Amino acid sequence: MFDTLRERALGRIEALRTADIDVPAHLYALRNGLAHGKQDLILNDLGPSVDAVAADLPVVKLLARMAVETGR
14 MFDTLRERAL GRIEALRTAD IDVPAHLYAL RNGLAHGKQD LILNDLGPSV
64 DAVAADLPVV KLLARMAVET GR
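In my numbering, the protein residues as written are 14 to 85.
1. So for Ala32, helix, strand or coil by DSSP?
2. Would you grab the beta carbon distance between Val81 and Ile26 for me? Rounded to a whole angstrom, and I think it's under 8 Å.
3. Return helix, strand or coil for Met14, following the three-state DSSP convention.
4. With the cut-off set at 7 Å, would you say Ala89 and Leu75 are in Cβ contact?
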């Protein structure tokens with residue numbers, strides 16, 4: 014499971030870099046939209062479609078797992 018998650022996350026990060034997207038800024042904007050969104054948060058706070066947000070989930074899950082495993 015972890016290897017699959019890591020592979021998907023790295024693929025997504027590479028896709029963002031290839032599209033010349035600032036990965037940390039992109040993930041921070043995603044975090045803010047999810048954490049502070051009110052109603053219709055996908056449309057109002059994030060702008061992208063649900064599919065685009067779902068594409069970032071492997072990265073978020075991998076970072077969360079790494080934080081739990083390292084105790085940070």
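Using N, Cα and C, we set each Cβ at its ideal position, and we do this for glycine too.
Given the structure is predicted, the values throughout are model-derived calculations rather than measurements.
Let's see:
1. coil
2. Going by Cβ atoms, the distance from Val81 to Ile26 rounds to 20 Å, so no, they are not a contact pair.
3. Three-state result, Met14: coil.
4. Any question about residue 89 goes unanswered here, given that the chain covers just 14 to 85.
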